[in-house]
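Going by mature numbering (1 follows the signal peptide of the UniProt record, and there is no 0), the letters in the sequence shown line up with residues -33 to -1, 1 to 233, in that order.
For glycine and all other residues, C-beta sits at the position ideal for the given N, C-alpha and C.
Predicted model only: the values in this text are computed from it and were never measured.
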Amino acid sequence: MGCACAPESRPPPPPLLLLSLLLLLLLSPTVRGNCGPPPEIPNATPEWDGNTNFSENSFVLYSCNQGFKKIPDKDNTVVCLNDGQWTTLETFCNKSCGAPTRVSFASLKKAYVNLNYFPIGSTVEYECRPGFQRYSSLSGKSTCLENLQWSKVAEICRKKSCPNPGEIINGYINVTTGILFGSEIFFSCDTGYRLIGSSSAYCYLTGSTVDWSDPLPTCTGIRKSPSFREGNIPQSLHSWFPFLNYMSGKAFNIGLLLQKCSFCKT
C-alpha cells in the first residue's frame, strides 16, 4: 500500500546581509587577534617600519621627541593584545634640561652623576674637585629653569695652595703664576754657578692635598780653569810638561790638562 509523504523541509538559506556580517566578523582584527597601526602617544614617536598589521604579542617601542626626556620607571612600549587592541601607556615623555653645567672648580655629587632626566624645577648639587677647597658659604646647587637652562653655579671652591717653595742659595725662584694647584715655578742660578737638579716644579695633587713635584735644586760654583804665568807653574808640572815654552810675560792656560791630572795639585 503506497504512502504519499510530504517532501523533507530544509531551512531557508541565510539572507545575504547575514552572510556579509559573518564574513566581516571572521576577518576582523578582533577575531584574529591582530592590531592595527600603533597608537599616538604625546611627545613620543613609535619606532616601526610602517606596518599596519601586528599579530598578538607584537610590541612597539617609543622614543621621546626632541626636547623631551623619558621619565624614569615609566613604560615606553605597547603590546598587541588578543582582542586586537594595544595596551595603554601613561605619559612617559616630559620636558627636561640637558646635562648639568660642567665647571672647572666643582663636579656633580655622586647621587646625580648617572641621571639624565631633569624636569623643570629639579635641582642638582656640586662638590669641590680634587685640588680645590670650599671657601664660600654660597649654595653649590643649580636648578633647571623654565627655559630648560641651568641656573649659574656659584664659585664655591678655589684652588689649594702649595707650600712656600723656600729659597735657593746662590740662585733664585721665578714664580710666574703663583703657587696654587696647577701652577709651575722655575729655578735658576746666579752667574758663576751651575744648577744641579730639576729646573722647574709644578704644584700637583698628591692624595687629598697638593705639593711640589720636585725638590729645590742646588747651585754649585763653576770651577775656573787655572792660568799660570812664567815662574808660577807648580814644580810638579816641570817634569811632566817639558814641552812648555816659557816666555817672559806670556800666560799658559793648561786648565784642560790639569782637570785630567789627578796629582797636579799645589
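(message) Using a Cβ-Cβ cutoff of less than 6 angstroms, which residues in the same chain neighbour V27 once the five nearest sequence positions on both sides are dropped?
(response) The beta carbon of V27 is closer than 6 angstroms to those of P5, P13, W15 and V45 in its chain, skipping five residues each way along the sequence.
(message) So if DSSP puts R125 in a beta bridge, which residue, or which two residues, is it bridged to?
(response) Bridge partners of R125: Q100.
(request) Check each candidate in N24, K119, G188 and A66 and name the one with the smallest Cα separation from Y84. (result) For the residues N24, K119, G188 and A66, the minimum Cα distance to Y84 belongs to A66.
(message) Would D178 and A168 qualify as a contact pair, given that the criterion is a beta-carbon distance under 7 angstroms?
(response) No, Cβ-Cβ distance for D178 and A168 is not below 7 angstroms.
(request) Return yes when the Cβ of F21 is within less than 7 angstroms of the Cβ of C60, no when it is not. (result) Cβ distance not < 7 angstroms, so C60 and F21 don't count as in contact.
(request) Report the rounded CA-to-CA distance for F148 versus P86, giving the unit in angstroms. (result) One C-alpha to the other measures close to 36 angstroms.
(request) May I have the straight-line CA-CA distance separating G98 from N24, to the nearest angstrom? (result) Approximately 56 angstroms between the Cα atoms of the pair.
(message) Here's the rule I'm using: 16 or more other beta-carbon atoms within 10 Å means buried, otherwise exposed. How should V142 be labelled?
(response) Looking at its Cβ environment, which holds fewer than 16 other Cβ atoms inside 10 Å, V142 is exposed.
(request) Below 7 angstroms CB to CB, which residues in the same chain sit around I8 once its five sequence neighbours on both sides are set aside? (result) Take I8, set aside five residues on each side of it, and the residues of its chain with a beta-carbon closer than 7 angstroms to its own are Y29 and L56, in chain order.
(request) Can you say whether P184 is buried or exposed, counting buried as having 16 or more other CB atoms within 10 angstroms of its CB? (result) It is buried - the Cβ of P184 has at least 16 other Cβ atoms within 10 Å.
(request) Excluding the 5 residues preceding and the 5 following S166 in the sequence, name in chain order all residues of the same chain whose CB lies nearer than 6 angstroms to its CB. (result) Here the set comprises F154.
(request) From the DSSP output, in three-state form, read off Y79 for me. (result) In the structure shown, the three-state DSSP call for Y79 is helix.
(request) Ignore the nearest five residues each way along the sequence and tell me which others in S39's own chain have a CB closer than 6 angstroms to its CB. (result) The question names Ser, but residue 39 in the sequence shown is Pro. For P39, where only same-chain residues beyond five positions count, the Cβ hits under 6 angstroms are Y84.
(message) Buried or exposed, going by whether 16 or more other CB atoms sit within 10 Å of the CB of Y139?
(response) When all chains shown are included, Y139 counts as exposed.
(request) Check whether the Cβ atoms of Q100 and K76 sit closer than 7 angstroms, and answer yes or no. (result) With contacts defined by Cβ atoms closer than 7 angstroms, Q100 and K76 do not form a contacting pair.
(request) For the beta strand (DSSP E) holding G65, just list the boundary residues, first then last. (result) It is not in any beta strand (DSSP E) - G65 carries neither H nor E in the DSSP assignment.
(message) Quick check on DSSP: helix, strand or coil for T185?
(response) For T185, the secondary structure class from DSSP, reduced to helix, strand or coil, is strand.
(message) Whole angstroms are fine: how far does the CA of T158 sit from the CA of V91?
(response) Computed Cα separation, rounded: 57 angstroms.
(message) Per DSSP, what are the beta-bridge partners of V27 in this structure?
(response) Beta-bridge annotation (DSSP): V27 is paired with V45.
(request) Assuming G78 and I123 form a contact by the criterion Cβ under 8 angstroms, report the distance between their Cβ atoms to the nearest whole angstrom. (result) The question names Gly, but residue 78 in the sequence shown is Ala. That pair is no contact at about 17 angstroms.
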